[in-house]
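Undergrad: Pasting a structure here, questions to come.
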Amino acid sequence: MVSFKLAEYLVYPEHNKLELNGVQVKVEPKIMEILCFLIQHRGQVISREYIATNLWPNSVVGLDVVTRAIFELRKVLNDSAQNPIFIETIAKKGYCFIYDINNKNNIKTHKKTKIKKNTLYAILTTMILLTLVFWQKNLLITDIKGNEKYHSTAITQPDTYSKMPNFGLSKKILLVQSSSSEDKLNQVVLIDSATNKRTEITKKDANYLYPKWASNGEELLYLKCKREKCKIIKHNIKTGLMHTVLLKDNYIMSYDISKSNKIIAINYLHEGTNTIEVVTIDDNSSNKTLIIPKDKNENHSLPKFSYNDEYLFFVSNIKTRNPHLKKYNMKELSTHRVNKNFYSILDIEPHGKNELLISGKKDGQFSIWSLNLNKNTLLQNPSNPLGEFQSDLSSSNFDASTIVYKNWKRNIIIGHSDLGGKIEVSNSNAIDINSIYSRELQTFYFVSNRSGAFEIWSSHHGETQQITLEKANSLGQPLLSTDLKKLAFLNKSNILEQLIILNLKPESSNYKYDFPKNSYLLNWSSNGENIIYSYISDGQYTLSSFNIKSNQHTKIAMNAGMYAKEQTKNNDLIYVNMSSGHLMSQNKYAEAKSIVNLFELNAETFPRGLMLTSDWLYYVVKYEKNSQVMRYNLNTKKVEFFYQLPKNSVVTQIGGDGHPFIIYDHLIEDNAQIILLEQSQQNNTQLNKDK
């Protein structure tokens with residue numbers, strides 16, 4: 001284990017750990033990166049911009065991310081910004097690592113050593129710095145499962161350009177690769193995971209999808225799509241011969257081929273819904289086809305043949321329920337449900353005779369799950385690091401102890417404009433979203449999965465606290481009451497939605513109410529007794545009010561929603577007419593008048609995405625990858641620029657009235673790499689016994 005000593009701390013960079021007096025503390029990977037980066041540049045003043053550029057390459061991040069990381073690092077090291085031991089803040093310039101790493105107290109030596117102390121210090125210092133450089137270069141190739149039962153190998157670099165791996169004989173992996181995330185053309189590539197040799201199978205002249213090894217291990221199949229037409233091609237990599245197996249005048253989203261190589265299941269859009277068609281391939285006659293039966297609004301996806309071709313597994317989706325995992329009996333031509341307990345399913349993959357791997361979200365947790373098809377028992381594989389999930393599962397036909405998949409890492413943080421003073425929110429390396437800020441309480445309330453499932457959290461002057469125990473798959477944005485004593489939010493599921501009223505006072509009761517699907521909380525009424533919300537049904541918005549005392553819903557306006565607020569002076573209701581795009585004002589007599597046409601301003605309409613003051617309307621104009629906050633003068637009718645959002649950001653609140661501020665979600669990292677996961681020899685032996 002590579003480590004070095006820093007004052008009284010023992011630092012393990014590879015394991016993101018520090019040890020003090022025998023007690024180990026885990027830190028976020030970026031916190032460890034910053035510590036090592038500062039030590040590499042010890043004695044130098046380095047700016048926040050320089051840190052962000054080097055540690056968040058190819059990403060646009062706010063400098064508050066660096067500030068937050070330094071704040072967290074100081075907490076771990078018990079360091080003080082006012083009286084620093086390790087990290088000194090240089091006003092308007094940046095930071096400097098000031099601790100003397102050559103300090104004799106930092107290195108234990110024997111009194112009788114013949115090596116001169118200065119030489120020893122220099123050698124050890126060099127070793128530490130080389131360790132840091134080596135660690136930073138190899139940081140991204142780690143054992144993502146962190147479990148001794150598995151050994152993982154990174155097949156590609158962390159980006160989003162490689163996908164759809166398929167594992168074959170001699171650890172040869174097929175995958176689709178492109179040059180960038182915006183590249184419309186890609187190619188099929190063969191990677192030998194033992195030697196890392198890369199061979200191009202196709203040219204980069206079309207949209208290639210789902211390369212798969214045939215059961216003989218010498219031929220492969222892949223989709224080749226141009227415009228809306230797709231064909232499945234069989235390609236012999238030894239002879240180079242290719243021929244078209246199936247041609248379809250539809251865009252094929254996925255497919256699978258049976259182990260016998262005689263049946264193909266294709267997934268495509270048919271009459272408005274995703275459909276699975278089973279095609280029997282016979283070189284001596286025309287192909288026979290069969291569409292798997294389904295309900296009118298049912299969508300089928302992810303077809304996968306079972307180990308012995310007896311069943312075709314697939315996922316069934318209807319908007320009003322969780323996805324159902326189903327199997328189609330190829331002999332009896334009948335469909336049976338296998339599982340209905342997942343909130344979402346990203347991929348499925350048969351693994352051996354009696355096991356089905358499922359990449360999905362259940363009870364708030366993303367993971368790869370193992371379903372025993374005989375016992376109908378579900379086992380969660382080692383849990384994911386925060387912010388990670390998997391897709392594109394592939395299990396070898398030739399080696400059941402090995403799987404390959406695409407591992408995603410997503411980090412979304414909360415950013416903000418100047419709030420006045422040193423106000424910061426403590427972000428994590430997971431997903432922190434849907435934040436609101438209370439200037440009166442100087443507190444952020446937001447949704448985060450930093451503890452695993454999604455919960456509501458608060459952040460006050462850097463002190464962060466989890467304030468719910470919902471273990472939710474999805475939570476809506478919290479809404480703070482006018483008296484600052486309650487939070488309202490929606491716990492969203494595929495089946496129903498629940499409104500939860502959370503009392504912020506200790507020992508106070510919380511309340512839950514069933515709510516319409518596709519609802520959006522907009523605002524509390526001025527008296528604090530009603531919540532104004534909108535919901536979508538059959539494509540139409542309805543603006544409604546819910547009284548938390550009487551548990552009664554009251555419709556306010558049709559074709560209205562996404563923004564609503566009661567004016568404190570006269571109780572006039574401000575809302576958006578979703579048909580005309582006008583921002584409307586309605587008095588107590590239900591008389592409405594237009595304030596401004598939002599369509600003409602190119603304004604986005606979403607909860608807390610507008611703010612109306614006596615003189616100004618603040619709103620968001622969205623571009624392809626970034627957005628701006630503009631303001632419209634109600635008196636002069638002129639538009640002014642107000643705030644530029646970082647790339648890949650979404651506004652969650654415009655607040656502050658006379659002193660406006662902007663709160664937003666900011667996507668920091670969305671990288672992925674292909675991972676080869678192999679079971680240990682002991683577990684592999686047990687797996688073969690279970691067969």
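All residue numbers for the sequence shown refer to the UniProt record's numbering, where the first residue is 1 and numbers rise by one.
We put the CB at the ideal spot given by N, CA and C, even for glycine.
Does the contact criterion of 3 or more C-beta pairs under 8 Å hold for the stretch 417-428 versus the stretch 442-450?
TA: yes
Undergrad: Using three-state DSSP, classify F86 as helix, strand or coil.
TA: Sequence index remark: in the sequence shown, residue 86 carries index 86 (1-based). If DSSP states are grouped into helix, strand and coil, F86 belongs with coil.
Undergrad: Roughly how many whole angstroms lie between the Cα atoms of L457 and L480?
TA: Your numbering for residue 457 matches position 457 in the sequence shown. Your numbering for residue 480 matches position 480 in the sequence shown. Strictly speaking, residue 457 in this sequence is Trp, with Leu absent from that position. Straight-line Cα distance between these residues: approximately 13 Å.
Undergrad: Determine, using beta carbons only, whether P293 and T244 come nearer to each other than 8 Å.
TA: As a first step, residue 293 is located in the sequence shown; it is residue number 293 there, counting from the start. As a first step, residue 244 is located in the sequence shown; it is residue number 244 there, counting from the start. Contact: no.
Undergrad: What's the gap between the Cα of Y222 and the Cα of R410?
TA: In the sequence shown, counting from the first residue as 1, residue 222 sits at position 222. In the sequence shown, counting from the first residue as 1, residue 410 sits at position 410. Straight-line Cα distance between these residues: approximately 29 Å.
Undergrad: Is the stretch 601-615 close to the stretch 374-388, with three or more CB pairs under 8 Å?
TA: no
Undergrad: Counting pairs of beta carbons, one from the stretch 304-314 and one from the stretch 255-271, are three or more of them closer than 8 Å?
TA: yes
Undergrad: Need the endpoints of the alpha helix (DSSP H) that P165 sits in, please.
TA: As a first step, residue 165 is located in the sequence shown; it is residue number 165 there, counting from the start. Here P165 belongs to no alpha helix (DSSP H); instead the beta strand (DSSP E) covers S162 to F167.
Undergrad: Could you pull out every residue in the same chain whose Cβ sits closer than 8 Å to the Cβ of Y99, ignoring the five residues on either side in sequence?
TA: As a working note, residue 99 is residue 99 in the sequence shown. The answer, listed in chain order, is L6, A7, R42, I85 and F86.
Undergrad: Sort L20, V651 and M630 by Cα distance to Y643 and report the nearest one.
TA: As a first step, residue 643 is located in the sequence shown; it is residue number 643 there, counting from the start. Ranking L20, V651 and M630 by Cα distance to Y643 puts M630 first.
Undergrad: If I'm right that N648 touches D159 with Cβ under 8 Å, what's the distance once you round it to whole angstroms?
TA: Position 648 of the sequence shown holds residue 648. Position 159 of the sequence shown holds residue 159. Taking a contact as a CB-CB distance under 8 Å, the pair N648 and D159 does not count as one, their CB atoms being some 15 Å apart.
Undergrad: Among residues of its own chain, excluding the 5 on either side of S162, which ones have a beta-carbon nearer than 6 Å to its beta-carbon?
TA: As a first step, residue 162 must be located in the sequence shown, where it is residue number 162. Once the five neighbours on either side are set aside, the close Cβ partners of S162 are T156, L175, Q177 and I674.
Undergrad: Identify every residue that forms a DSSP beta bridge with P350.
TA: Along the sequence shown, read from residue 1 onward, the residue named residue 350 stands at position 350. Partner(s): L356.
Undergrad: Excluding the 5 residues flanking K229 on each side, which residues of the same chain have their C-beta closer than 6 Å to its C-beta?
TA: To locate residue 229, count along the sequence shown from 1; it is residue 229. Contacts found: D249.
Undergrad: What's the C-alpha gap between A590 and G656?
TA: Along the sequence shown, one-based indexing puts residue 590 at 590. Along the sequence shown, one-based indexing puts residue 656 at 656. Each residue's Cα considered, the two are about 28 Å apart.
Undergrad: On a CA-only basis, which of F454, L209, M584 and S525 is nearest K471? Give me that one, please.
TA: If you number the sequence shown from 1, residue 471 lands on position 471. Checking every option, the nearest Cα to that of K471 belongs to F454.
Undergrad: Considering just the uninterrupted stretch of the alpha helix (DSSP H) at residue 759, what are its terminal residues?
TA: Any property of residue 759 remains undetermined from this structure, which presents the chain solely from 1 to 691.
Undergrad: Near T126, what residues of its chain come up, given a Cβ to Cβ distance below 6 Å and the 5 sequence neighbours on each side ignored?
TA: One-based indexing of the sequence shown puts residue 126 at position 126. Note on T126: pLDDT 45, under 50, position unreliable in the model; the coordinate value appears next. Cβ neighbours of T126 beyond the five flanking positions: none.
Undergrad: Quick check: the stretch 11-29 against the stretch 357-373, are there 3 or more CB pairs under 8 Å?
TA: In short, these stretches do not touch, since the Cβ pair count stays below three.
Undergrad: What residue range is occupied by the uninterrupted alpha helix (DSSP H) comprising A30?
TA: As a working mapping, residue 30 is identified with position 30 in the sequence shown. Residue identity differs from the one stated: residue 30 is Lys in this sequence, not Ala. Taken as a continuous stretch (DSSP letters only), the alpha helix (DSSP H) holding K30 covers P29 to Q40.
Undergrad: Compute every distance between the C-beta of L333 and the non-hydrogen atoms of the ligand MN, then say whether any falls below 7 Å.
TA: Looking for the ligand MN in the displayed structure turns up nothing, as the structure carries no ligands at all.
Undergrad: Taking DSSP as the reference, what is the three-state secondary structure of T402?
TA: Translated into positions along the sequence shown, residue 402 becomes position 402. Three-state DSSP puts T402 in a strand.
Undergrad: By the three-class DSSP mapping on this structure, what secondary structure does A91 have?
TA: Position 91 of the sequence shown holds residue 91. The answer is coil: DSSP assigns A91 none of H, G, I, E or B.
Undergrad: How big is the Cα-Cα spacing for L617 and L583?
TA: As a first step, residue 617 must be located in the sequence shown, where it is residue number 617. As a first step, residue 583 must be located in the sequence shown, where it is residue number 583. C-alpha separation (whole angstroms): 10 Å.
Undergrad: Using 8 Å as the threshold, is the C-beta distance between E218 and H235 below it?
TA: The count along the sequence shown starts at 1 and reaches residue 218 at position 218. The count along the sequence shown starts at 1 and reaches residue 235 at position 235. Between E218 and H235, the CB-CB gap reaches or exceeds 8 Å.
Undergrad: When the distance is taken between beta carbons, is F342 closer than 8 Å to N317?
TA: Along the sequence shown, read from residue 1 onward, the residue named residue 317 stands at position 317. Along the sequence shown, read from residue 1 onward, the residue named residue 342 stands at position 342. Cβ atoms of N317 and F342: not closer than 8 Å.
Undergrad: Once you ignore the five residues that flank N427 on each side, which residues in its own chain have a CB closer than 8 Å to its CB?
TA: Along the sequence shown, one-based indexing puts residue 427 at 427. Once the five neighbours on either side are set aside, the close Cβ partners of N427 are V65, R68, I413 and I414.
Undergrad: Once DSSP output is grouped into helix, strand and coil, what is the label at S3?
TA: Locating residue 3 in the sequence shown gives position 3, counting from the first residue. DSSP places S3 in coil when its eight states are reduced to three.
Undergrad: Buried or exposed: which applies to V11, given that a residue is buried once 16 or more other Cβ atoms fall within 10 Å of its Cβ?
TA: As a first step, residue 11 is located in the sequence shown; it is residue number 11 there, counting from the start. Result: buried.
Undergrad: What is the DSSP secondary structure of A672, counted as helix, strand or coil?
TA: Here residue 672 corresponds to residue number 672 of the sequence shown, with the count starting at 1. A672 falls in the strand class under three-state DSSP.
Undergrad: Nearest CA to the CA of D538: which residue from A603, S301, R337 and N518?
TA: Position 538 of the sequence shown, counting from 1, holds the residue named residue 538. When each option's Cα is compared against that of D538, the closest is N518.
Undergrad: Please classify E600 as buried or exposed, where buried requires at least 16 other C-beta atoms within 10 Å of its C-beta.
TA: As a first step, residue 600 must be located in the sequence shown, where it is residue number 600. Exposed, by the Cβ-count rule.
Undergrad: Where does W135 fall in DSSP's three states?
TA: Here residue 135 corresponds to residue number 135 of the sequence shown, with the count starting at 1. Here W135 scores only 44 on pLDDT, less than 50, and its place in the model should not be relied on; the value that follows carries that caveat. The answer is helix: DSSP assigns W135 an H, G or I state.
Undergrad: Which residues in the same chain as S396 place their Cβ atom closer than 6 Å to its Cβ, once the five residues preceding and following it in sequence are excluded?
TA: Along the sequence shown, read from residue 1 onward, the residue named residue 396 stands at position 396. Within the same chain, S396 has close Cβ partners F167 and T402.
Undergrad: In the DSSP assignment, the beta strand (DSSP E) including E440 goes from what residue to what residue?
TA: As a first step, residue 440 is located in the sequence shown; it is residue number 440 there, counting from the start. Note, E440: premise wrong, no beta strand (DSSP E); not H, not E.
Undergrad: Looking only at its chain, what residues have a beta carbon closer than 7 Å to the beta carbon of L20, apart from the 5 residues adjacent to it on each side?
TA: Taking the first residue of the sequence shown as position 1, residue 20 is located at position 20. Correct list, in chain order: E8 and Y9.
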